[in-house]
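**Student:**
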């Protein structure tokens, strides 16, 4: 059988001893696509790690300008091949070509790469700190090995392991990448890796800077994230897979950054329901149904207080869930996973208001699903009732009063986002200050009066949050330059002779406008 | 039997069901001290965690000025009680009263507390980041629970779990602390905890802000660091204990910061040996013997190139090790631990040049110990030959040539520090650039021409490094405000109404001179 080639150690080549193979599936037709992709065995993995380690050493000597040019050139190449990329990503994911893939996700991807280039060139990201009186200087710098990246299925470009946010951040911080293609879109990933590798060659980066494999045996994935020559790993996907990688990496003392699961609670305070119930319902449904509900920040939990206005809100929302045709899911098992999650919710006491089943169709689909449960039940089964159903499936919790709403907030697990809708003229302000202190420390991003989907790529973004939303509450996966800090180590220079210091720590500002903390002051000046 | 009281939930009280007891020992006389200290059982631990969680919630509403005043008042109280503290610390650790305890460590401790107060008051540490166009704002803020701190035996004040660097950083970042006293100096820790608690009451902080226990069962230590209501943990001590805590915390998704072991390699290039052999020997011996060698940054590994000048250097150093009386160790098992480590080094191929044995004395002592091994042997047993002997015990590695020196650097495990001595007029510069790229990513702090002991408390300090020196290469345990970032989470506010934002993120600069990153520029201005 003929397999697609992998990119290892600067070569597109056959895998050495394939441990199996797979085909991608078009979720719109449930038909397997013709290309055969190999599952890598141990020899390939070890060779990739070795080549990545070598590239990590070489990359430290490469001028940051070349790193920046690589990222920009890669972005340009993605734009040149936009039609081809959109076409194959659409076939592999069933995500709409327009506006989603072509007009939203692809520009976001190239925008991220260019922003990463600016950060690499500008160097302020490394937080150079100089205490001149004692001549001690420090900065964040690249890790001592490649970053292995496991991308998710729901963003074939913007979170792709070879073009997405983790990739851009890892490379901009000066690290090589070993990308594991998501099994849902190997063809898209192959083209992106080809373009990235062209850009590697054209900017004369070490050839091992970008490597790409499709799939490997689970035990080899664990071996990779815990290998002594790996710098760090990044994973976006299911909690069960993420926790296994985390355990292996932790035991070896290797940093691993995970984005695993989130139900993104939305608290709607009584004044807001009275004031603008149908507006909020419309907005929320849009957020719930966006991308067939397969967004990390999808609002999976909606908390209201009991009363006639809330019942009307629930009826409106339920009608929207029932009457809107479901979207196509990303994968063959997507509908089963949703049905399984719904079963857990129901067995913990939730009632179905809409949907709950797979759709018999030639496409991968599940019904839009809405459930409800009372606050007391939620509080007594908080873990089960925070089960994530990855699709257009949300659970409404009806609390007795604001105290119970508070208790619900207090049993929230770590989430990426938490939202509070409140009366625009302030009638909910007292209640806000009851909920907010409970919700705030349990979420990465706290929102007011807007839906959590749509993660802006800005420097103040936090696409992160407490465990189990991620593995560490101090880091963000989106937003530059913050996301680069995951792939960096703190390097201090004590009494090091001036000409031996990295440019970022020499007396003279290396760019003329890099921000540095000198003797307690942020400044762009020389010393 | 009457036990000393623990400080739990705002009360000095008896433990509920003591799981045992212990006495401190005066290392100068090997005599047990009279006070009986209890080993806490589960009930006490759970009550402390619960009280800490409550305090964490309450502390979020306390003005930062009060936190700062607490830290300053505590420093003042330590100064008032300096004589008493120095006296008991001397009895419990045998560290010299002067200059060490009174003139060095105590001022360092109060200096750290005051610097932490400045950071809490100034707020620049929280790295407020504002993107005004999209109204997304973020900052580092306190964790969702208390920080448990396990202090080491070698700094009864400056790294004490209830007064040291971790304590100051955790509190300044807004977290309550559960301090586990080191078993070596419980009496010192008790007095410090009393002073801290007085300061808590006088500044009207939540009473659970500072709690202190002496010892608990190992399984309860693991339970504490992995408890859902713990914010994070900090540990300084042996690798074996640290790794157990790390495993438990990791499995629960709780941050844990460890400082575990380091041999702090010192590379002496040939030109430096030719130029100033005896100066370097004198300086290095001082660093090796300081505090009876019981410093985390003690130079345990010295790498030279073969040749007559190096042999002379080794003879000089060996003579210093042999002729200088050994210092008193911190604990009864200190000498055995050194002898055990030396046995591992010898069985891996090292030869004794000086010492190697316990000293039969009324004090806890081991001979000053120097060993040597050739480069080839080191490279073939790199793990065993990096065994840390916590005392005045160092291993000299004699390399054949600069390539072998490079290979030695390339098998270094993660270390806190790495040092390169080179010719002052530059004759070693070529060799420097061969060693440095290997050493740099394997150490937290890289030094030129000075010894690694003496960790300045400045903002550019990195007292950290790659695993297994610590558990994460991106954080420092010493140096404010950097060390506070370990005890903080990233909190983002998206479209949150202006009056609901924390002061640090409102349009108006809350102090007038706090540094904030606004639209890509570090500034002290309002928006």
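Chains as they are written, first to last, in this note's numbering: chain Y, 1128 to 1654; chain W, 1128 to 1654. All C-beta atoms, glycine included, are put in the ideal place defined by N, C-alpha and C.
1. In this structure, what does DSSP give as the bridge partners for residue 1304 (chain W)?
2. Spatial neighbours of residue 1179 (chain W) within its chain, please: CB distance less than 7 Å, with the 5 preceding and 5 following residues excluded, ordered by chain position.
3. Which first and last residues belong to the alpha helix (DSSP H) in which residue 1518 (chain Y) is found?
4. Please name the residue in W:1205, W:1194, W:1268 and W:1258 whose C-alpha comes closest to that of residue 1245 (chain W).
5. With 9 Å as the C-beta to C-beta threshold (strictly closer), list the residues of the stretch 1606-1624 of chain W near chain Y in chain order.
6. If I follow the unbroken alpha helix (DSSP H) through residue 1505 (chain W), where does it start and stop?
7. Check the Cβ of residue 1227 (chain W) against every Cβ in chain Y and list those closer than 8 Å, keeping chain order.
8. Spatial neighbours of residue 1646 (chain W) within its chain, please: C-beta separation below 6 Å, excluding the five flanking residues on both sides.
9. Provide the residue(s) that pair with residue 1620 (chain W) in DSSP beta bridges, ordered along the chain.
10. Please check the pair residue 1312 (chain W) and residue 1232 (chain W), which I expect to be a contact at CB under 8 Å, by giving their CB distance rounded to whole angstroms.
11. May I ask you to report which of helix, strand or coil DSSP gives residue 1215 (chain Y)?
12. For the beta strand (DSSP E) containing residue 1345 (chain Y), name the first residue and the last one.
13. Quick check: what's the CA-CA separation for residue 1426 (chain Y) versus residue 1449 (chain Y)?
14. So with Cβ pairs under 8 Å, would you call residue 1343 (chain Y) a contact of chain W?
15. Over the uninterrupted beta strand (DSSP E) stretch that includes residue 1362 (chain W), give me the two end residues.
16. Can you find a CB in chain Y that lies within less than 8 Å of the CB of residue 1208 (chain W)?
17. Out of Y:1528, Y:1540, Y:1451 and Y:1489, which one is the CA nearest neighbour of residue 1496 (chain Y)?
18. Should residue 1309 (chain W) be labelled buried (16 or more other beta-carbon atoms within 10 Å of its own) or exposed?
19. Can you find a C-beta in chain Y that's less than 8 Å from the C-beta of residue 1304 (chain W)?
20. Pop quiz: residue 1239 (chain Y) and residue 1584 (chain Y) are said to be a contact at Cβ under 8 Å. What is the actual Cβ separation, rounded to whole angstroms?
21. So residue 1519 (chain W) and residue 1364 (chain W) are supposed to be a Cβ contact under 8 Å. How far apart are they, rounded?
22. Spell out whether any CB of chain Y is found under 8 Å from the CB atom of residue 1310 (chain W).
23. Is it buried or exposed, residue 1635 (chain Y), if we count other Cβ atoms within 10 angstroms and call 16 or more buried?
24. Against chain W, with Cβ distances strictly below 8 Å, would residue 1577 (chain Y) count as a contact?
25. Might you give, ordered along the chain, the residues of its own chain that have their beta carbon closer than 8 Å to the beta carbon of residue 1378 (chain Y), omitting 5 neighbours on each side?
26. Please work out which residues of its chain come closer than 6 Å, Cβ to Cβ, to residue 1393 (chain Y), disregarding the five sequence neighbours upstream and downstream, and give them in chain order.
27. For residue 1203 (chain Y), which option in Y:1186, Y:1555, Y:1277 and Y:1319 has the closest C-alpha, if you only look at C-alpha atoms?
28. If you count every other CB in all the chains shown that lies within 10 Å of the CB of residue 1254 (chain W), and 16 or more means buried, which is it?
29. Which residue's Cα is closest to the Cα of residue 1551 (chain Y): Y:1413, Y:1575, Y:1201 and Y:1563?
30. Going by the DSSP bridge assignment, what does residue 1650 (chain W) pair with across the sheet?
31. Could you check whether the Cβ of residue 1548 (chain W) sits closer than 8 Å to any Cβ belonging to chain Y?
32. Could you tell me whether the stretch 1552-1569 of chain Y touches the stretch 1602-1613 of chain W, using the rule of 3 or more Cβ pairs below 8 Å?
33. Pull up the CB-CB distance for residue 1573 (chain Y) and residue 1623 (chain W), whole angstroms please, since I reckon it's below 8 Å.
34. When you compare only the Cα positions, how much space is there between residue 1469 (chain Y) and residue 1483 (chain Y)?
35. Is it the case that the Cβ atoms of residue 1436 (chain Y) and residue 1401 (chain Y) are separated by a distance below 8 Å?
36. Return the bridge partner residues of residue 1546 (chain Y) from the DSSP annotation.
**Tutor:** In this structure, then:
1. As a first step, residue 1304 (chain W) must be located in the second chain, where it is residue number 177. W:1274 and W:1337.
2. Translated into positions along the second chain, residue 1179 (chain W) becomes position 52. Only 1272, 1273, 1303, 1305, 1335 and 1338 meet the Cβ criterion.
3. Along the first chain, one-based indexing puts residue 1518 (chain Y) at 391. Careful: residue 1518 (chain Y) lies outside any alpha helix (DSSP H) and carries neither H nor E.
4. In the second chain, the residue the question calls residue 1245 (chain W) occupies position 118. Of W:1205, W:1194, W:1268 and W:1258, the residue nearest in Cα terms is W:1194.
5. 1606, 1609, 1612, 1613, 1615, 1616, 1617, 1618, 1619, 1620, 1621, 1622, 1623 and 1624
6. Start at 1 with the first residue of the second chain, and residue 1505 (chain W) comes out as number 378. Where residue 1505 (chain W) is concerned, the enclosing alpha helix (DSSP H) stretches over 1502-1507.
7. Here residue 1227 (chain W) refers to the residue found at position 100 of the second chain. Chain Y residues near residue 1227 (chain W): none, gap ~21 Å exceeds 8 Å.
8. Working through the second chain from its first residue, we reach residue 1646 (chain W) at position 519. Here the set comprises 1259.
9. For this step, residue 1620 (chain W) is matched to residue 493 along the second chain. Answer by DSSP bridge pairing, in chain order: Y:1573 and W:1264.
10. Within the second chain, the letter at position 185 stands for residue 1312 (chain W). Within the second chain, the letter at position 105 stands for residue 1232 (chain W). At roughly 12 Å, the Cβ-Cβ gap does not stay under 8 Å, so residue 1312 (chain W) and residue 1232 (chain W) are not in contact.
11. As a first step, residue 1215 (chain Y) is located in the first chain; it is residue number 88 there, counting from the start. Reduced to three states, the DSSP call for residue 1215 (chain Y) is helix.
12. Taking the first chain and counting its residues from 1, the one referred to as residue 1345 (chain Y) is at position 218. Here residue 1345 (chain Y) belongs to no beta strand (DSSP E); instead the alpha helix (DSSP H) covers 1345-1352.
13. Residue 1426 (chain Y) sits at position 299 when you count from the first residue of the first chain. Residue 1449 (chain Y) sits at position 322 when you count from the first residue of the first chain. Those two C-alpha atoms are separated by around 17 Å.
14. Translated into the one-based positions of the first chain, residue 1343 (chain Y) becomes position 216. Output row for residue 1343 (chain Y): interface = no.
15. One-based indexing of the second chain puts residue 1362 (chain W) at position 235. That run of the beta strand (DSSP E) goes 1359-1363.
16. Position 81 of the second chain, counting from 1, holds the residue named residue 1208 (chain W). Output row for residue 1208 (chain W): interface = no.
17. Translated into positions along the first chain, residue 1496 (chain Y) becomes position 369. Out of Y:1528, Y:1540, Y:1451 and Y:1489, Y:1451 has the C-alpha closest to the C-alpha of residue 1496 (chain Y).
18. As a first step, residue 1309 (chain W) must be located in the second chain, where it is residue number 182. The residue in question, residue 1309 (chain W), is buried, as its Cβ has 16 or more Cβ neighbours within 10 Å.
19. For this step, residue 1304 (chain W) is matched to residue 177 along the second chain. By this cut-off, residue 1304 (chain W) is not an interface position.
20. As a first step, residue 1239 (chain Y) must be located in the first chain, where it is residue number 112. As a first step, residue 1584 (chain Y) must be located in the first chain, where it is residue number 457. The pair is a contact, with the Cβ atoms about 6 Å apart (cut-off 8 Å).
21. On the second chain, position 392 is the one that residue 1519 (chain W) refers to. On the second chain, position 237 is the one that residue 1364 (chain W) refers to. The pair is not a contact, with the Cβ atoms about 19 Å apart (cut-off 8 Å).
22. Residue 1310 (chain W) sits at position 183 when you count from the first residue of the second chain. Chain Y, which has no Cβ nearer than 8 Å to the Cβ of residue 1310 (chain W), makes this no.
23. For the purposes of this step, residue 1635 (chain Y) is identified with residue 508 of the first chain, where counting begins at 1. Exposed, because fewer than 16 other Cβ atoms sit within 10 Å of the Cβ of residue 1635 (chain Y).
24. As a working mapping, residue 1577 (chain Y) is identified with position 450 in the first chain. Chain W contact via Cβ: present.
25. As a working mapping, residue 1378 (chain Y) is identified with position 251 in the first chain. Result list for residue 1378 (chain Y): 1353, in chain order.
26. Here residue 1393 (chain Y) refers to the residue found at position 266 when the first chain is read from its first residue. 1426, 1429 and 1546, listed in sequence order.
27. As a working note, residue 1203 (chain Y) is residue 76 in the first chain. Cα-wise, what sits closest to residue 1203 (chain Y) is Y:1319.
28. Here residue 1254 (chain W) refers to the residue found at position 127 of the second chain. Buried, since its Cβ has 16 or more Cβ neighbours within 10 Å.
29. In the first chain, counting from the first residue as 1, residue 1551 (chain Y) sits at position 424. Comparing Cα positions, the closest option is Y:1575.
30. Counted from its first residue, the second chain places residue 1650 (chain W) at position 523. Paired residue(s): W:1643.
31. As a position in the second chain, residue 1548 (chain W) is number 421, starting the count at 1. Cβ-Cβ to chain Y under 8 Å: no for residue 1548 (chain W).
32. no
33. Here residue 1573 (chain Y) corresponds to residue number 446 of the first chain, with the count starting at 1. Here residue 1623 (chain W) corresponds to residue number 496 of the second chain, with the count starting at 1. About 6 Å separates the two Cβ atoms, so the contact holds.
34. Taking the first chain and counting its residues from 1, one reaches residue 1469 (chain Y) at position 342. Taking the first chain and counting its residues from 1, one reaches residue 1483 (chain Y) at position 356. Each residue's Cα considered, the two are about 7 Å apart.
35. Walking along the first chain from the start, residue 1436 (chain Y) turns up at place 309. Walking along the first chain from the start, residue 1401 (chain Y) turns up at place 274. Cβ distance < 8 Å, so residue 1436 (chain Y) and residue 1401 (chain Y) count as in contact.
36. Taking the first residue of the first chain as 1, we reach residue 1546 (chain Y) at position 419. Answer is Y:1393 and Y:1574, bridged to residue 1546 (chain Y).
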